[in-house]
Amino acid sequence: MRVGIEIDDGLARVTLRRGEAGNAIDLEMARELLDAARVCAAESVRAVLLTGEGKSFCVGGDLGEFARLSGEVLEKHLIAVTGALHEALRTFAAGDAPVVAAVQGAVAGAGIGLAASADVTLAADNASFTTAYTGIGYSPDAGVSWFLPRLIGPKRALDLLLTNRRVKAAEAEAIGLVSRIVAPDRLAAEAIRTAEALCGGPTAAFGATRRLVATGLTSDLGTHLDREARAIAAAASSAAGREGVAAFLGKRVPDFPRAASST
């Protein structure tokens, strides 16, 4: 298995398991990641934690696999790889469950797409980021050309995509590529703590918030305000909304999972 998935009490832990190859994405891994995303959707998980085994989170596509092919065969192969990978990204994005990514070591190519697609991205202070695509004559995939301009601005995005310069963790945090930096020996624990905290939150409200942020970047103000109004009205009338307000007024910690299960 190139991608592992474990679900415990609403938290799905999705792990890239090609550590010996830097978790390079080949066709099999892309398909298994899509399978994992579909399991998360089917099981209605409340949070997803995405990690990679070994020294590096993900070095991008498996160039060794690609180099063994050529011409039309290579084109069809890459369409198959990106098709599965992109559908996995769409599936994670379409759900309500927030995604936390914990990244370490080398993060390159499609690995940047996986890291950037997460709602919260924690980076070990030994992490480094390189887009790498144009350095080998490729153009981006895995949503990299969509996420980077939105996270760090188009000018910085083009700098990274055209020059392929390496960005260390401190700069990645400063420009907004990652949420925050964690010491390497604390990365796993902090990622689990963050994911578990989100797992105990109001999942439907998280989903509405994720969609509002995503659509807000391309919507006009009036349209977006209408979406906000509909979303907050639906949230307020939901079991989680009622529980949240009751807990606030009662000066207690809300139990959102219990409220959701009672509906």
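For our numbering, count along the sequence shown from 1 and bump the result up by 1465. Just so you know, even glycine gets a beta-carbon here, dropped at the ideal spot from N, CA and C.
Relative to the alpha-carbon of residue i, which residue among the options has its alpha-carbon at the smallest distance?
{"i": "Glu-1518", "options": "Glu-1661, Leu-1543, Asn-1488, Glu-1508", "result": "Asn-1488"}
{"i": "Arg-1717", "options": "Ala-1724, Val-1504, Gly-1709", "result": "Gly-1709"}
{"i": "Thr-1743", "options": "Asp-1491, Val-1510, Arg-1483", "result": "The requested residue 1743 does not occur in the structure, where the chain is confined to residues 1466 to 1728."}
{"i": "Ala-1558", "options": "Leu-1481, Ala-1580, Arg-1675", "result": "Arg-1675"}
{"i": "Gly-1484", "options": "Leu-1476, Gly-1475, Gly-1469", "result": "Gly-1469"}
{"i": "Leu-1550", "options": "Pro-1614, Leu-1652, Ile-1490", "result": "Ile-1490"}
{"i": "Ser-1644", "options": "Asp-1584, Ala-1724, Leu-1539, Val-1524", "result": "Asp-1584"}
{"i": "Ser-1521", "options": "Leu-1481, Glu-1497, Glu-1530, Phe-1531", "result": "Leu-1481"}
{"i": "Thr-1556", "options": "Glu-1497, Gly-1618, Glu-1540, Ala-1532", "result": "Glu-1497"}
{"i": "Gly-1576", "options": "Met-1466, Arg-1533, Glu-1552, Gly-1525", "result": "Gly-1525"}
{"i": "Glu-1636", "options": "Phe-1594, Arg-1651, Thr-1599, Asp-1650", "result": "Phe-1594"}
{"i": "Ser-1604", "options": "Ala-1653, Ser-1702, Leu-1543, Glu-1638", "result": "Leu-1543"}
{"i": "Ser-1703", "options": "Leu-1714, Glu-1530, Ser-1727, Ser-1684", "result": "Ser-1727"}
{"i": "Cys-1523", "options": "Glu-1508, Ala-1486, Ala-1545", "result": "Ala-1486"}
{"i": "Glu-1552", "options": "Arg-1695, Ala-1506, Arg-1621, Glu-1540", "result": "Ala-1506"}
State the beta-bridge partners of residue i as determined by DSSP.
{"i": "Glu-1518", "result": "Glu-1518 pairs with nothing; no bridge assigned."}
{"i": "Ile-1490", "result": "Gly-1526"}
{"i": "Thr-1595", "result": "Ala-1573"}
{"i": "Ala-1566", "result": "Leu-1515, Thr-1586"}
{"i": "Ala-1700", "result": "Looking at the DSSP assignment, Ala-1700 forms no beta bridge with any residue, so it has no partner."}
{"i": "Arg-1478", "result": "Glu-1471, Leu-1514"}
Report yes if the C-beta distance between residue i and residue j is below 8 Å; otherwise report no.
{"i": "Thr-1516", "j": "Ala-1588", "result": "no"}
{"i": "Gly-1560", "j": "Gly-1672", "result": "yes"}
{"i": "Thr-1547", "j": "Asp-1473", "result": "no"}
{"i": "Arg-1478", "j": "Leu-1528", "result": "no"}
{"i": "Ala-1592", "j": "Val-1565", "result": "no"}
{"i": "Leu-1499", "j": "Pro-1563", "result": "no"}
{"i": "Pro-1719", "j": "Ala-1725", "result": "no"}
{"i": "Leu-1613", "j": "Ala-1634", "result": "no"}
{"i": "Gly-1608", "j": "Leu-1690", "result": "no"}
{"i": "Glu-1493", "j": "Arg-1467", "result": "yes"}
{"i": "Leu-1623", "j": "Thr-1599", "result": "no"}
Contact check, residue i vs residue j under 8 Å by CB: the rounded distance?
{"i": "Ala-1597", "j": "Gly-1570", "result": "Between Gly-1570 and Ala-1597 the Cβ distance is about 14 Å, and since that is not below 8 Å, they are no contact."}
{"i": "Gly-1578", "j": "Leu-1616", "result": "Contact flag wrong, Cβ pair sits at about 11 Å."}
{"i": "Arg-1692", "j": "Leu-1682", "result": "Between Leu-1682 and Arg-1692 the Cβ distance is about 13 Å, and since that is not below 8 Å, they are no contact."}
{"i": "Ala-1512", "j": "Gly-1475", "result": "7 Å"}
{"i": "Phe-1721", "j": "Gly-1666", "result": "6 Å"}
{"i": "Asp-1590", "j": "Ala-1656", "result": "In fact, because the Cβ distance is near 14 Å, the residues do not count as touching under 8 Å."}
{"i": "Ala-1670", "j": "Ala-1700", "result": "5 Å"}
Does residue i come within less than 8 Å of chain C when only Cβ atoms are used?
{"i": "Arg-1630", "result": "Included in the structure is just one protein chain, with no chain C present."}
Whole alpha helix (DSSP H) elements within the segment 1612 to 1694, 4-residue minimum
1619 to 1628, 1634 to 1640, 1652 to 1664, 1668 to 1681
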